[in-house]
Amino acid sequence: MKHRNAVLYAVLSTAPLLLAACGSGGGGSAGATAIHAASSLPSVTGTPATVALAGNAFITIADASAQEIINDNGLANWTSPNTVTSAYFRVGAAGPVTVALDARLAGSTSSVVRVTVNGQPFDVALAGTASKTYAVGTVNVAAPGYVKVDLRGVSKAGGYFGDVSALKVTSNATLNYANDPANYYWSRRGPSVHMGYTVPANTEYFYNEMTIPQGQDAIGSYFMANGFGQGYMGIQVKSPSERWILFSVWDADNGARTTLVSKGAGVVDNAFGGEGTGGQTYLSYNWAAGTTYRFITRARPDGNGGSDYSAWFFAPETGKWRYIATWKRPAISTYLTGVHSFLENFIDTKGYTERRVQFGNQWARNVSGTWTEVTAGRFTGDATATNAQRMDYAGGLENGKFYLHNGGFFANYVQTSQNFTRPPTGQAPAVDVSTLPMQ
């Protein structure tokens, strides 16, 4: 996935700017306070930036039957007053920020929408089918970081509250937001972050321990423990009711197919595509946040020009190693290389959720049977991170373990391309690899 570095700007239209006080039922005083507070802030000058909802917004609260969507044009099908759409942009310094909306009415003659900027509510009256820029207000942002803008319908004369294509944001500080339309899908998924490990030559087995803190197991998360040059193993949150242990191996570089040698009980196998092709195996298993799980992957040449890759998973609640599968990849003769872990979100509509993972006690076993503790890690990110399309990512050391963190639009990011060294534990894996199950 490639990101362009273009920064997109637009100028406020000369259409009349409409600002309404909040409605009755308690909302009026809150809105009036917000408007009064805004008027006492320093003025903000400069060219407003266009923060397109297509790449920077999410439906964050909605009924099961809600029709609202974020599409290439922004927020559409806005009919329910219960739906909340949240957009995000990042400011590089504290100070005043002025926000406006690019919007048009569809299916109504007028509407009032509540725009809450950094916790400060403003009610804005929309009128007319032509796209206009509607003033919202100015708020003070106390520190560098992401600003959240919530949109919620208040009233409408018709079926729809309106279509909103973008925020217009003016700030004296540097602004960061997704500004590459060709890669909005990736920016909405959020940044992927990695921890690469330095392992000895001819590493046949790699062992890792992984813990997802409670509350950090958002739907769409892939916590990948044991990655290597030709595949990866980890755990996923597929839905509110389904979780997987996943082990995948890519097809050969020349297009030759990876084939299944064997798999464990209850393991499903199939081919995968989308971001490359290969063989995939997974076990539906209700793993729990707050529990430390163990992973072992193995790679070795098969003597016929290919290599076999195997994976095992240990759950403390069962007290035993469980075999996932062995895949044969043609046209390569190798042990484990490019060993790493990563953290990603694989559902673009869930890119506003936060996730975190810890990796501890890594060990590598070479072909001679010697275990070596792995204490060096290198923190990196994908193009979404390095091109500043999203800046809610972090990684490094905490409590003697490597960690990765992304999503949720948190403020304090950690610069990528850094090396970290964890303290050694001296606790080699208590496992006899010759007794690991193969079925």
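Residue numbering for the sequence shown is -20 to -1, 1 to 419, as defined by mature numbering (1 follows the signal peptide of the UniProt record, and there is no 0).
Beta carbons are placed, not taken as given, at the ideal position from N, Cα and C, and that holds for glycine.
Bear in mind the structure is a predicted one, so any value in this text is a computation, not a measurement.
The C-alpha of proline 417 is placed about 55 Å away from the C-alpha of alanine 73. The Cβ atoms of valine 24 and valine 77 lie closer than 8 Å to each other. With the rule of 3 Cβ pairs closer than 8 Å, the segment 244 to 261 does not count as touching the segment 145 to 157.
A direct Cα-to-Cα measurement between serine 91 and serine 151 gives close to 28 Å. Along the segment 293 to 362, the beta strand (DSSP E) occurs as fully enclosed runs of 3 or more residues at 300 to 309, 320 to 325, 335 to 346, 351 to 354 and 356 to 361, listed in sequence order. Counting only runs of 3+ residues, the beta strand (DSSP E) found wholly inside the segment 189 to 273 occupies 201 to 208, 211 to 219, 222 to 230, 239 to 243, 248 to 252 and 258 to 264, in chain order. In the structure shown, the three-state DSSP call for serine 45 is coil.
Here DSSP, grouped into helix, strand and coil, assigns alanine 365 to helix.
Proximity to arginine 358 across Trp307, Gly75 and Phe339 peaks at Phe339, based on C-alpha coordinates. One Cα belongs to leucine 55, the other to glutamine 369, and the distance between them is close to 20 Å. Counting every other CB atom within 10 Å of its CB across the protein chains shown gives arginine 278 a total of 16 or more, marking it as buried. Taking the Cα of threonine 178 as reference, the smallest distance to any Cα among Ser201, Gly207 and Gln196 is reached at Gly207. By DSSP's assignment, aspartate 143 forms a beta bridge with Arg84. Beta-bridge analysis with DSSP links proline 101 to Thr96. DSSP places tyrosine 164 inside the alpha helix (DSSP H), whose first and last residues are 164 to 169. For alanine 115, the enclosing beta strand (DSSP E) stretches over residues 112 to 121. Rounded to whole angstroms, the separation of the alpha carbons of methionine 175 and histidine 320 is 6 Å.
Secondary-structure assignment with DSSP links leucine 416 through no beta bridge to anything. Shown here, alanine 34 sits in a helix according to DSSP, grouped into three states. Between tyrosine 289 and valine 354, the gap from beta carbon to beta carbon reaches 8 Å or more. Per DSSP, the continuous beta strand (DSSP E) segment holding asparagine 386 begins and ends at 381 to 386.
Per DSSP, arginine 70 is one residue of the beta strand (DSSP E) stretching across 64 to 71.
For threonine 401, the uninterrupted beta strand (DSSP E) segment begins and ends at 398 to 401. Distance from the CA atom of tyrosine 126 to the CA atom of aspartate 372, rounded to whole angstroms, is 9 Å. A Cβ-Cβ separation of about 6 Å places glycine 259 in contact with leucine 240 under the 8 Å criterion.
The three-state reading of DSSP puts proline 124 in coil, since its state is none of H, G, I, E or B.
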